[in-house]
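Enquirer: Quick one: the structure is below, questions incoming.
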Amino acid sequence: MRKIFNWFNIGGTVFIFLVIWLLQQIAVSLDFLNVFEEVLNDYSVTDLAFSDLRNPPEADTTIVVVNIGNLSREGIAEELSIINRYQPRVVGIDVEFTKAKEEPVDSLLEAVFAQTKNLVLWSKVEGGRRQEDGTVVWDTLRKVLPRFARHAHTGYTNALTEGDSQFESWRETTAAEKIADGTTEYSFATQIAMLYDSAKAQKFINRRNEYEIINYRGNVPDKFHALDVSDVFEENFTPDLLKDKIVIMCYMGGEYTNTTWDADKYYTPLNSKQIGRNPPDMYGGVAHANIVSMILHENYIDEAPEWLAYVLAVALCLLNVAAFAAINEHSFWGLWYDIVSKLIQLLEVVLLVYILLLVFINYSLKLDFTATIAVVLLSGDIFEIYNALIGNIFAAKKAE
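One point on numbering: in my numbering, the residue at position 53 of the sequence shown is 40, and numbering is uninterrupted.
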């Protein structure tokens, strides 16, 4: 134990963390490094589990995503009227109806909304501010026109990624957000799930996580039934497809099979190319369908506590310092220090990534090894600096 827990090794561990901290501060202050930092920050090793490694989940037949394409409000009203005839249990419409149109048009749409059972309409939270207690409060809640809102529930459709940008991967969601006027707004997906199965939706809310990792099931049409505009108007589907189901109406381009860049389309962990990027892979309405599916199936992804990551990083750093010190002092292995230390670091990184993916795929638990991997990758070189400094200090003292 003394070969591990001694002042030299403890000092080396502290020195490594100090140097890493200093490097981080330098990187933050250098603008040319920010580009690389932003790219790396938007990459997660667990994305591999969604895109390549996990067993494909089954399709969710409870949710049907309907394309509104480029329909006018009259067209949306007609499409919804057709859908209502097949008696879905819940209908969510991810469309901003915030500006009034000419009276006959809005009257027609309002009349159809009034006839729709369990309707959820668009809202958006804006101007988030973090309070002293750590909670986030939003200054503004934008909703559809009051004449529409009175016939429906509302739920915010924000993709609450870091920076709320569709050019970042949409990995997380929230159940509800606090508004500055004291009210609480549920997310679009939470509100839909609440109307379909209130008990399961309440379980989601009761988890009280600031953010929930979205456990993506997949895209349309593989994991969710999808109908294009023409399918609805031609009634090209069987009645059981919509009967007692959840219908999410949203924009999915001219046809939902489009694979090009488009409005309201986002990157997700399902994208086949995580760095460098293909076009965005999922429309916003389909992402909401994935969140609803996660809530109703209760297949959540939990996160290991933050302290565990730091404990592991410190423990592995201490072991590495002890190992590198022993190798450096060895009469034979010391000659091969650079090669042996790099091999140890490589094997450790591979093992950490393997454990991370294994736990994520099999136990739906996300481990944060970011700090640990950074320590492993830098520990060998920084230890050499530390060892040289200590050697020079003792040499200087002896010379005195």
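By construction, the Cβ of each residue, glycine as well, lies at the ideal position given by its N, Cα and C atoms. Everything numeric in this text was worked out from a predicted model, so none of it was measured.
#1: Nearest by alpha-carbon distance to S31: which of Q178, N374, F356, G367 is it?
#2: Which residues bound the alpha helix (DSSP H) around W294?
#3: Could you please give the first and the last residue of the uninterrupted alpha helix (DSSP H) stretch that includes Y203?
#4: Note down, in chain order, each residue of its chain lying with its Cβ closer than 8 angstroms to the Cβ of I70, except the 5 sequence neighbours on either side.
#5: Does DSSP put L132 in a helix, a strand or coil?
#6: I'd like to know if P133 contacts chain B, where contact means its C-beta is closer than 9 angstroms to some C-beta of that chain.
#7: Cα-Cα, which of T255, E371, R60, V131 is closest to P91?
#8: Which same chain residues, not among the five before or five after V1, have their C-beta less than 8 angstroms away from its C-beta?
#9: Tell me where the beta strand (DSSP E) around H140 begins and ends.
#10: Could you please give the first and the last residue of the uninterrupted alpha helix (DSSP H) stretch that includes Y183?
#11: For I(-3), which of C304, V340, A358, L345 has the nearest alpha-carbon?
#12: Just how far apart, CA to CA, sit R134 and E83?
#13: Below 8 angstroms on the Cβ atoms is my guess for A312 versus K353; work out the distance and round it to an integer in Å.
#14: With which residues is N277 paired in a DSSP beta bridge?
#15: Quick check for students: name the residue ranges of the beta strand (DSSP E) that lie wholly in the region 214 to 241, counting only runs of 3 or more.
#16: Would you mind working out which of M281, S110, N202 sits nearest T144, comparing C-alpha positions?
#17: Taking the alpha carbon of R195 as the point to measure from, which residue in N57, Y173, D184, G205 has its own alpha carbon closest?
#18: Are there 16 or more other CB atoms within 10 angstroms of the CB of W125, so buried, or fewer, so exposed?
#19: CA-CA distance, A300 and T359?
#20: Since L338 and I3 are thought to touch, with beta carbons under 8 angstroms apart, how far apart are those beta carbons, to the nearest angstrom?
#21: Pairs of beta-carbons, one from the region 197 to 209 and one from the region 254 to 273, closer than 8 angstroms: are there three or more?
#22: So V123 and E164 are supposed to be a Cβ contact under 8 angstroms. How far apart are they, rounded?
#23: Excluding the 5 residues flanking G241 on each side, which residues of the same chain have their C-beta closer than 8 angstroms to its C-beta?
#24: Can you list, in chain order, the residues of its chain whose CB lies under 7 angstroms from that of V340, leaving out five sequence neighbours each side?
#25: What span of residues does the beta strand (DSSP E) with V51 cover, start to end?
#26: Around the Cβ of N294, are there at least 16 other Cβ atoms within 10 angstroms (buried) or fewer (exposed)?
#27: State the DSSP-derived secondary structure class of T357, mapped to helix, strand or coil.
#28: In the DSSP assignment, find the unbroken alpha helix (DSSP H) run with T167 in it and report its ends.
#29: Would the beta-carbon of I201 fall within 9 angstroms of that of A274?
#30: Tell me whether W157 is buried or exposed, calling it buried when 16 or more other Cβ atoms sit within 10 Å of its Cβ.
#31: Sorted by chain position, which residues of the same chain lie with C-beta nearer than 7 angstroms to Y243's C-beta, five sequence neighbours on each side aside?
#32: Just to confirm my understanding: we take G150, look at its own chain, exclude 5 residues before and 5 after, and list those with CB closer than 6 angstroms. What are they?
#33: So which of M239, L5, L306 has the shortest CA-CA distance to I(-9)?
#34: Quick one: using the 10 Å Cβ neighbour count with 16 as the cut-off for buried, is Y350 buried or exposed?
#35: Which residue marks the beginning of the alpha helix (DSSP H) containing G62, and which one marks its end?
#36: Excluding the 5 residues preceding and the 5 following I63 in the sequence, name in chain order all residues of the same chain whose CB lies nearer than 6 angstroms to its CB.
Expert: On the basis of the data shown:
#1: Taking the first residue of the sequence shown as 1, we reach residue 31 at position 44. The option with the nearest alpha carbon to S31 is F356.
#2: As a first step, residue 294 is located in the sequence shown; it is residue number 307 there, counting from the start. Looking at the DSSP string, the run of the alpha helix (DSSP H) that includes W294 is 293 to 316.
#3: Counting from 1 along the sequence shown, the entry for residue 203 is found at position 216. First-last for Y203: undefined, no H or E at that position.
#4: Taking the sequence shown and counting its residues from 1, one reaches residue 70 at position 83. Closer than 8 angstroms at the Cβ level, and outside the excluded window around I70, lie V53, V78, V219, L229, V234, M236.
#5: Your numbering for residue 132 matches position 145 in the sequence shown. L132 falls in the coil class under three-state DSSP.
#6: The structure shown has no chain B; it contains just one protein chain.
#7: Taking the sequence shown and counting its residues from 1, the one referred to as residue 91 is at position 104. Considering only alpha carbons, the answer is R60.
#8: On the sequence shown, position 14 is the one that residue 1 refers to. Cβ neighbours of V1 beyond the five flanking positions: none.
#9: Residue mapping note: residue 140 aligns to position 153 of the sequence shown, counting from 1. Per DSSP, H140 belongs to the beta strand (DSSP E) from 140 to 143.
#10: Within the sequence shown, the letter at position 196 stands for residue 183. Residues 175 to 183.
#11: The count along the sequence shown starts at 1 and reaches residue -3 at position 10. Checked all of C304, V340, A358, L345; the closest Cα to I(-3) is C304.
#12: Residue numbering aside, residue 134 sits at position 147 when the sequence shown is read from its first letter. Residue numbering aside, residue 83 sits at position 96 when the sequence shown is read from its first letter. Spanning the two alpha carbons is a distance of roughly 13 angstroms.
#13: Locating residue 312 in the sequence shown gives position 325, counting from the first residue. Locating residue 353 in the sequence shown gives position 366, counting from the first residue. Rounded, the Cβ-Cβ distance is 33 angstroms, inconsistent with contact.
#14: What you label residue 277 is simply residue 290 of the sequence shown in a count that begins at 1. In the DSSP secondary-structure assignment, N277 is not bridged to any residue.
#15: DSSP runs (the beta strand (DSSP E)) wholly in the region 214 to 241: 233 to 237.
#16: Position 157 of the sequence shown, counted from the start, is the residue given in the question as residue 144. If you compare the alpha carbons of M281, S110, N202 with that of T144, the shortest gap goes to S110.
#17: As a working note, residue 195 is residue 208 in the sequence shown. The residue with the shortest Cα to Cα distance from R195 is Y173.
#18: For the purposes of this step, residue 125 is identified with residue 138 of the sequence shown, where counting begins at 1. By the 10 Å Cβ count, W125 comes out buried.
#19: Looking up residue 300 in the sequence shown gives position 313. Looking up residue 359 in the sequence shown gives position 372. The alpha-carbon atoms of A300 and T359 are separated by roughly 4 angstroms.
#20: Position 351 of the sequence shown holds residue 338. Position 16 of the sequence shown holds residue 3. Not confirmed; about 19 angstroms, so no contact.
#21: yes
#22: Counted from its first residue, the sequence shown places residue 123 at position 136. Counted from its first residue, the sequence shown places residue 164 at position 177. With 8 angstroms as the limit, V123 and E164 qualify as a contact, their Cβ atoms being about 7 angstroms apart.
#23: Sequence index remark: in the sequence shown, residue 241 carries index 254 (1-based). G56, N57, listed in sequence order.
#24: Start at 1 with the first residue of the sequence shown, and residue 340 comes out as number 353. So the list reads V32, once near-sequence residues are dropped.
#25: If you number the sequence shown from 1, residue 51 lands on position 64. Where V51 is concerned, the enclosing beta strand (DSSP E) stretches over 47 to 54.
#26: In the sequence shown, the residue the question calls residue 294 occupies position 307. Before going further, note that residue 294 is Trp rather than Asn in the sequence given. Exposed, by the Cβ-count rule.
#27: To locate residue 357, count along the sequence shown from 1; it is residue 370. Helix.
#28: Here the question's residue 167 lines up with position 180 in the sequence shown. A small fix is needed here, since residue 167 is Ala in this sequence, not Thr. Here A167 belongs to no alpha helix (DSSP H), and DSSP marks it neither H nor E.
#29: Within the sequence shown, the letter at position 214 stands for residue 201. Within the sequence shown, the letter at position 287 stands for residue 274. Yes.
#30: Sequence index remark: in the sequence shown, residue 157 carries index 170 (1-based). Buried.
#31: Position 256 of the sequence shown holds residue 243. Only N54, V207, A213, D215 meet the Cβ criterion.
#32: As a first step, residue 150 is located in the sequence shown; it is residue number 163 there, counting from the start. Because G150 carries a pLDDT of 43, less than 50, the predicted location of this residue cannot be relied on, and the following value inherits that uncertainty. Closer than 6 angstroms at Cβ, skipping near neighbours: no residue.
#33: For this step, residue -9 is matched to residue 4 along the sequence shown. Selection M239, L5, L306 evaluated against I(-9) yields L306 as nearest (Cα-Cα).
#34: For the purposes of this step, residue 350 is taken as the residue at position 363 of the sequence shown. Answer is exposed; the Cβ neighbour count stays below 16.
#35: Along the sequence shown, one-based indexing puts residue 62 at 75. Note, G62: alpha helix (DSSP H), 60 to 71.
#36: For the purposes of this step, residue 63 is taken as the residue at position 76 of the sequence shown. Same-chain partners within the cutoff: I55.
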